[in-house]
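Here is the structure we will look at.
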Amino acid sequence: MFSSLSSAAAVVFATTVAAQTFSDCNPLKVDPSTCTPNPAFGGEANIDFTKGASDLFTAASNTGVVYGDNGAEFTINATGQAPTFTSTKYLFFGTVEVKMRVAKGQGIISTIVLESDVLDEIDWEWLGGTNGEVQSNYFSKGDTATYGTLEQDIAIPGGDDIDTFHTYTLDWSPTQLQWKVDGTAYRTLTYAGNEDTYPQTPMMVKIGTWCGGCSDAPGTVAWAGGAPDWSQAPFTAYYQSINIQDNSNGVANAVTYEYTDQTGSMASIKVNTGSGSSDTSSSASSSATTGSSAGGAQNTASTLSTVTASGGNFATATGNAPIGQVTGPAPATGSNSTATSTGASGKQTSTTTSASGSATSSVVQGGAQKGAVNLAFLGAGMFALLFV
């Protein structure tokens, strides 16, 4: 991400990120048992933004997104705007595939980010003033010492990512991580040899645009390519679809993830599974989200969706801060907690999904049954520099 920055600017940048990146409940810094387990995708989710909003993503408070034939339109017209979507669930290894067009404009950044409570992070980043190139990046446990050293540039096939839709995939397993463009892997990171720095804890998904050229930090502005020319606004990125496959580290019917110790390793993650019946009811005439979840229930998009899980103490919390800001999970109360997430505004019929039955635990390490998982919402890593 910092290939063009001087070492001095990189130091400024790293300091800025360290100050802005945080987690409301970081199991590396607090007793993991005090962190609320977070919900798992537990299977496949397919979001088509050409059909409208999805209840699997929440919009930041300053996000004014409209939907059209090109999908969700993330537009920046002025300083301080940073339209951002954050997933309401988490994946513990799997794939995240996004079809999109990048926002054009010097200083404007388009992003796809995976991030965890212990500040593991995997990134795609596009500079709006540089057509035909994307930056791949990753971080482990919020280690600022690695900032500026792990980024690699990838040339876009055909040389155009601003006027042409491409599919960007993060293929993440316990053994390797691949950054793919239109199905072709252009970068591979292996766990072997990188055990201490390999991203390996459950992550939520964030997509959005922000103005790196609007920062007060000179290093950030330099990396972003300079201040934007507002006479060229609006600057719009188009996110057409997102396909997510949560492999839950090899455990079926995952419901939540929680940390069992302060190592931040995949071995410390417990996968809580749901047994019993589940059912889905929906009267929505058109669906933006389809796919299977734990127990085989179908996830249907709507403006408002409520998910209830009985037989376990856990609450769902949604982070709706723009990239660069962070919110965390609310503590569970009572014997059972219900989380409600509200998507972007739109006229769609609400749906309700319920899953009953007792919650059980499967411990996993490298796909073998073995241990535990919690994942609250973590800091926005590289993009935490947004509001410096």
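Under mature numbering (1 follows the signal peptide of the UniProt record, and there is no 0), residues -19 to -1, 1 to 369 are what the sequence shown spells out, in order. Note that the Cβ used here is the ideal one computed from N, Cα and C, for glycine as well.
Which residue comes first and which comes last in the beta strand (DSSP E) that contains residue i?
| i | result |
| --- | --- |
| V79 | 75 to 82 |
| G200 | Premise fails: G200 lies in the alpha helix (DSSP H), 199 to 205, not in any beta strand (DSSP E). |
| V94 | 89 to 96 |
| Q221 | 216 to 227 |
| residue 398 | Limits of the chain in this structure are -19 at one end and 369 at the other, which puts residue 398 out of reach. |
| Y240 | 235 to 240 |
| N253 | 250 to 255 |
| Q116 | 114 to 120 |
| W107 | 102 to 108 |
Can you check whether the CB of residue j is closer than 8 Å to the CB of residue i?
| i | j | result |
| --- | --- | --- |
| S68 | M247 | no |
| E54 | T148 | no |
| T190 | I57 | yes |
| S249 | Y238 | no |
| K122 | L158 | no |
| I135 | W160 | yes |
| P20 | K85 | no |
| G113 | D142 | yes |
| G52 | T76 | no |
| L151 | I103 | yes |
| V232 | T254 | yes |
| T270 | D36 | yes |
| I225 | E25 | yes |
| P155 | N230 | yes |
| Y220 | M81 | yes |
| T127 | T178 | yes |
| V107 | S117 | The residue asked about is misnamed: residue 107 is Trp in this sequence, not Val. No. Outside cutoff. |
Exposed or buried, what is residue i when buried is set at 16 or more other beta-carbons lying within 10 Å of its beta-carbon?
| i | result |
| --- | --- |
| E176 | exposed |
| G207 | exposed |
| P199 | exposed |
| V47 | exposed |
| A203 | buried |
| P18 | buried |
| G140 | exposed |
| G174 | exposed |
| T39 | buried |
| C192 | buried |
Comparing alpha-carbon positions, which option in the options lies nearest residue i?
| i | options | result |
| --- | --- | --- |
| W211 | T60, R168, N51 | T60 |
| D144 | A214, A198, G109, E96 | G109 |
| D29 | N43, G49, T254 | G49 |
| P15 | K85, F66, D98, G24 | In the sequence as displayed, the identity of residue 15 is Thr instead of Pro. The option with the nearest alpha carbon to T15 is D98. |
| A63 | F38, L72, V47, I89 | I89 |
| D41 | F74, G24, G52, T65 | It is worth fixing the name first, because residue 41 is Ala in this sequence and not Asp. The option with the nearest alpha carbon to A41 is T65. |
| V252 | P215, G23, L131, E132 | G23 |
| D12 | S154, G174, G245 | G245 |
| P8 | G200, P183, P209 | P183 |
| Q213 | Q87, P199, A205 | Q87 |
| V115 | N228, I223, A205, Q243 | A205 |
| P209 | C6, N118, T111, L170 | T111 |
| D227 | N27, D5, Q243 | N27 |
| N222 | A203, F146, Q133 | Strictly speaking, residue 222 in this sequence is Ser, with Asn absent from that position. The shortest C-alpha separation from S222 is found at F146. |
| T169 | Q133, G193, C192, Q243 | Q133 |
| W153 | P138, T171, I137, V162 | T171 |
Counting only C-beta atoms, is residue i closer than 8 Å to chain C at any point?
| i | result |
| --- | --- |
| Y219 | The displayed structure is made up of one protein chain only, and chain C is not part of it. |
- Residue ranges of each alpha helix (DSSP H) within the region 23 to 84, 4 or longer: none
Which residue spans inside the region 125 to 195 form an unbroken beta strand (DSSP E) run of at least 3? 133 to 136, 147 to 153, 157 to 162, 165 to 171, 185 to 192
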